[in-house]
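Everything below concerns the one structure shown next.
Chains as they are written, first to last, in our numbering: chain A, 17 to 183; chain B, 787 to 1175; chain C, 33 to 203.
Okay, here's the thing in C-alpha cells:
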C-alpha cells in the first residue's frame, strides 16, 4: 500500500545513514604505516595469499591526507609518538584507527622506558587486534568488526564532530 | 650553507624506507650533496630488557629484533649462552638448526627481493615473493606454532621435537623454489629498466667496505670473500659443502645477483642436511641448566623439580664474557654476553649488522641522484628493529 | 695466530698490556686506555697480521661488583683479522666519574656510529669524535639508559581493581 508498490523496480529506498556507511565500509583506504614486526603480517594480509582487496582495501596510500584508516602496526616508541600524533591530525575526517598487535594496544611484551604503553595514550582507537603478531586472519577479523561498527554510525554524529576542533 | 641547496626530509613515515628511518637530504637540483640518516624511532630497550630477565626468558626478546629472520637471532643467542655454559648439543640438534637457519635466509632474502623491486617500480614482484614466503612460514608454524616470532631454538636444543611432516614440507620447498627463482630472474635480471636503476648505483669498494665494518652481502658484493659459515664455522656448518658467491663491482646489481645465488646455495645445504639427518634427542642432557623434555616433566619427579627450579630461579653462569657471531641474512650478528656469576646476565650486547651497514649510507649516496637514495637503502637491506633495538 | 698476536703486542707494548686471558676460546687483552690508539694503529699498519676490521665496540657497567676496583666501565673492542680469520678483544677499564677514551674514527670509519651508541647508552666520552650526539634514545630522555643505576621504568599493568587510577610507574 505504500509508495514502494507504485514505483518501478529499479529504485531502492533507504536512509542516508545506511548509504553513507555502506560507501565508507566498501572503500576504506588504509594508510601504509607499518612500524615493526606487525607490519610484515600486515603486508602479508595485503598480498595474494590472504587478500584484503576483497573488501576494497588494496589501495594503500602513503600520504595521510588521502587515507581513511590508520592501522598502527607495531610498537610506538617515545621518539615516534609525536610523529604518530601529527599523522593522525593530518588525516581528514572521517577517520578510523585500528591498533594492531599487542604493542600498539597495550605496550605488549615491552614494559620499559622506551615504549608507549598502548597507542591509545595519544590517539583515540576504534578497534584493538591482539596478537604478537596477529595472524592475517585475525587482522581481517578486526577489519570486518570495524566495518560492523560502522553500521552504528550516523551522519548526524559526524557533522557535530566536524564542527569540533580536533586535538 | 649554500643558498642553492634544498633540505628535504625523507621522513619516518615513507613507503620506501622499510620502516621508520629518517634521512635528511641536502640536494642541489637532483644531486644529493649530503645525506644524514636519523634513527631511534623504534628504540625498544631490548638489551636492557634482556639484562633484567633470566637467561631462558630472554629468548623471546631476541625474536623481535630482526623480525624477518627470527630463527637466526634465536640461534645466535642460544649459541652464545651454550658457549658460556660449555654445553655440547646433540648432532640432530645441530643439523636441524642448520636447516632452520637456511630457511630463515630464504625467508629474509625473498622479502628483500620483493620490497627492493617494488621500490624500483616492479610492483608485482612483491606479490610473488610473499607467495613463496608463505611456504617457509608454513614450516615455521608446523615447528613452533607461530608464524613469525617462533622462539623455537632454545638453550641446549629445540623447544619441541621436529614435526612429522617437516621432511616433506622442506623437500617441497627445495623442489618448488628453484623454478620460482628462475621466474624472478626472467623478470628482473636482464630487464633494461632494472639494470639502469641498479648498475653502478650504491657502489662501495673493498677497502672502504672493510673500513666501514660492513658484513654480509654488502661486503661480499665488493669482492671480499668473508662468510662466517666458512671462516669461523658454528653449529656443524663444516660438514656441508657449499659455495660463497661474491660480486665484483660492489654495486646494487651485484648484490641482487648475490642474494639470489645465496638462496640457491641455501637450498643445496638444506638438501644435504635432510639427506643425512641423524637420529637422537632434541635437547642436551645437562640437569640444572637445560630444561628437561616435557614428557619427562609430566611423569618423573626429578625432571619436575629441575623444571620448576630452572623456570623460577634460572641457573648460575660462570663469571666471564663470551662473544658468538653467526652469519644472519643481513650480515654478522654477534651476541656478547658478560656474566657476573649470577642468574641474570650483566650485559647482553647485540652487534647489529644493519646498524653498522646503515652507517655507510652517506658514502654510497653523496654525489649521486635523488632516486639512487631509494635504491641504496633497499640494497643495504636494513631492518629497523635491529638498527634501533 | 694467537702466539703471533701475543708476541707482537708484548714486544712493542709490554707496559700497556695489563693482563691476557682466554675464556671459552675467546682471546682478550686488558690494556691501559691511554695506549689504545697506538696499539690499534700499530696493528693496522702491520700487513702480515692484517687486523683491519673493527667488528664491534661495546661497554659494560660493573657498578656494585668486585671488578669495580679496576674502574666502573669496561670498553671492549672486537677486532678481526680477515687474512687469518682470527678474532680477539681489547678491553680497557675507565673510571666512573669521568670516563674518557680516545676515539678511533680517524682509523676506522665504522667506529663512528658504534661510539655514538656507546656514548648515548652508557655515557662514555670519546675524545676526538666528530659528532657525539644522541642516536637511539628520545631527545627528551635524560641520562644514559644502559647504566645499571638507570631504572627499567616499568608500569604496573591495570587490572579491574586499579583500572580507574592512573598507571603506576615503578622505577
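The beta carbon of each residue, even a glycine, is placed where N, CA and C say it ideally should be.
Nearest to residue 948 (chain B) (by Cα), restricted to the options B:1066, B:1122, B:796: B:1066
Beta-carbon neighbours of residue 835 (chain B), restricted to chain A and to distances below 7 Å: Those within 7 Å of residue 835 (chain B) in chain A are 126, 128.
Chain B within 7 Å of residue 109 (chain C), Cβ atoms only: no
Beta strand (DSSP E) segment containing residue 142 (chain C), residue limits: That residue, residue 142 (chain C), is in no beta strand (DSSP E); it is neither H nor E in DSSP.
Cβ separation of residue 1101 (chain B) and residue 1129 (chain B), assumed to be a contact under 8 Å, to the nearest whole Å: That belief holds up - the Cβ atoms of residue 1101 (chain B) and residue 1129 (chain B) are roughly 6 Å apart, short of 8 Å.
Residue-level contact to chain B via CB, residue 69 (chain A), 7 Å cutoff: no
Residue 888 (chain B) vs residue 1056 (chain B) beta-carbon contact at 7 Å: yes
Straight-line Cα distance separating residue 959 (chain B) from residue 844 (chain B): So the alpha carbons of these two residues sit roughly 31 Å apart.
Contact belief for residue 166 (chain A) with residue 41 (chain A) at Cβ below 8 Å, rounded distance in angstroms: The distance from the Cβ of residue 166 (chain A) to that of residue 41 (chain A) is about 5 Å, consistent with a contact at the 8 Å cut-off.
The stretch 879-898 of chain B touching the stretch 1067-1078 of chain B, judged by at least three CB pairs closer than 8 Å: yes
is_contact[residue 46 (chain A), chain B] using C-beta, thresh 7 Å: no
Buried or exposed (CB count within 10 angstroms, at least 16 for buried), residue 1146 (chain B): It is buried - the Cβ of residue 1146 (chain B) has at least 16 other Cβ atoms within 10 Å.
Endpoints, the alpha helix (DSSP H) within which residue 38 (chain C) is located: 34-44
Cβ-based burial, residue 849 (chain B) [other Cβ within 10 Å; buried from 16]: The residue in question, residue 849 (chain B), is buried, as its Cβ has 16 or more Cβ neighbours within 10 Å.
Beta-carbon neighbours of residue 1142 (chain B), restricted to chain C and to distances below 9 Å: 87, 88, 142, 145, 146
Limits of the alpha helix (DSSP H) - the one that residue 968 (chain B) falls within: 952-974
Under 7 Å between C-beta atoms of residue 1007 (chain B) and residue 1036 (chain B): Between residue 1007 (chain B) and residue 1036 (chain B), the C-beta gap is smaller than 7 Å, which places the two residues in contact.
Option in A:148, A:38, A:62 with minimal Cα separation from residue 171 (chain A): A:38
Reduced DSSP category for residue 1157 (chain B) - H, G, I as helix; E, B as strand; rest coil: helix
Assumed close pair residue 1175 (chain B), residue 832 (chain B) - CB separation to whole angstroms, cut-off 8 Å: 5 Å
Neighbourhood of residue 181 (chain A) by C-beta distance below 7 Å, restricted to the same chain and skipping five residues each side: Since pLDDT at residue 181 (chain A) reaches only 47, below the 50 mark, its modelled position is unreliable, and no value is offered.
Distance, residue 893 (chain B) Cα to residue 1150 (chain B) Cα: 26 Å
Neighbourhood of residue 918 (chain B) by C-beta, 7 Å cutoff - its chain only, sequence neighbours within 5 removed: 896, 963, 966
According to DSSP, residues forming a beta bridge with residue 59 (chain C): C:54, C:120
Cutoff 7 Å: residue 195 (chain C) Cβ touching any chain B Cβ: Residue 195 (chain C) does not count as touching chain B.
Residues that DSSP places opposite residue 1124 (chain B) in a beta bridge: B:1107, B:1133
Own chain residues within Cβ distance below 8 Å of residue 146 (chain A), not counting five before or after: The answer, listed in chain order, is 117, 118, 121, 154.
Residue interval of the beta strand (DSSP E) (run including residue 88 (chain C)): 85-93
In DSSP terms, what residue 817 (chain B) is bridged to: B:814, B:1155
Residue-chain proximity (residue 158 (chain C), chain B), Cβ-Cβ < 7 Å: no
Range of the contiguous alpha helix (DSSP H) that encloses residue 1097 (chain B): 1087-1099
Neighbourhood of residue 1117 (chain B) by C-beta distance below 8 Å, restricted to the same chain and skipping five residues each side: Within the same chain, 1000, 1001, 1002, 1003, 1004, 1005, 1139, 1140, 1142, 1143 come within 8 Å of residue 1117 (chain B) by CB-CB distance, once the 5 residues on both sides are set aside.
Top-ranked residue by Cα proximity to residue 1160 (chain B), from B:996, B:1043, B:792, B:797: Nearest of B:996, B:1043, B:792, B:797 to residue 1160 (chain B), Cα basis: B:797.
Any C-beta of chain B under 7 Å from that of residue 114 (chain C): yes
Per DSSP, cross-strand counterpart(s) of residue 104 (chain A): Paired residue(s): none; residue 104 (chain A) is not in a bridge.
Pair within 7 Å by beta-carbon distance, residue 1165 (chain B) and residue 1041 (chain B): yes
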